[in-house]
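With this note's numbering as the guide, the letters of the sequence shown map in order to residues 1 to 145.
Below you'll find the structure, written out as structure tokens, and then a few comments.
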Amino acid sequence: MYDDGGYFVELARMQAGVLSGFSQPIVVQQVSLSQLSPGAIKAYHLHRTQTDVWFVPPQFSLVVNLHDVRADSATYNIHMRFVLGGSNTKLLAIPPGVAHGVANLNQVPASLFYYTTEQFDKTNPDEYRLPWDHFGTDVWKITKG
1 MYDDGGYFVE LARMQAGVLS GFSQPIVVQQ VSLSQLSPGA IKAYHLHRTQ
51 TDVWFVPPQF SLVVNLHDVR ADSATYNIHM RFVLGGSNTK LLAIPPGVAH
101 GVANLNQVPA SLFYYTTEQF DKTNPDEYRL PWDHFGTDVW KITKG
């Protein structure tokens, strides 16, 4: 699926795939790839039941913003911003109720692989949105220094 901000490809659907190395095992149901065009911001996404696990290959770097909107969470209303990929190549687990977004501030397209605990269901999607600037615009700027 293509749009002005890049493309998305579903890579696989899983039946019994388990990711280990997290505080609790994550059962993966689908693997997907998204390519972000230079300057693209994909935000904010939110899920009620689905966990996302993101991976940015080392040849790319993407700005990631997370904001916990779970009222019953110890980290409620806490915002995190960091760069994934490059020298910070690792898996990032994003639990349900945490708004998440990503930006490609580079001059070349960049890839984001993600693993989800649910298969996408067009008839009943666990997909919710907030505007890209819901938590301000400064969170998307390059930090210099």
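Glycine included, every Cβ here is placed at the ideal spot set by N, Cα and C.
Just so we're clear, the structure is a prediction, and the values are computed from it rather than from any experiment.
On the three-state DSSP scale, how would you describe residue 3? strand
For residue 135, is the classification buried or exposed, using 16 other Cβ atoms within 10 angstroms of its Cβ as the cut-off for buried? buried
So what does residue 52 bridge to, in DSSP terms? 94 and 116
If distances are taken between C-alpha atoms only, which option among 88, 61, 110 and 132 comes closest to residue 67? 132
Inter-residue spacing [alpha-carbon to alpha-carbon] between residue 21 and residue 108: 31 Å
Report the option in 41, 29, 47 and 32 whose CA atom is closest to the CA atom of residue 98. 47
Using 8 Å as the Cβ pair cut-off and three pairs as the minimum, do the segment 112-120 and the segment 48-59 touch? yes
Ordered along the chain, which non-local residues of its own chain (more than five positions away) have a Cβ less than 7 Å from that of residue 96? 47, 48, 49, 50 and 51
Output needed for residue 41: all residues of its chain with C-beta closer than 7 Å, excluding positions within five of it in sequence on either side, in chain order. 101, 103, 132 and 140
What does DSSP give as the partner residue(s) for residue 82 in the beta ladder? 64
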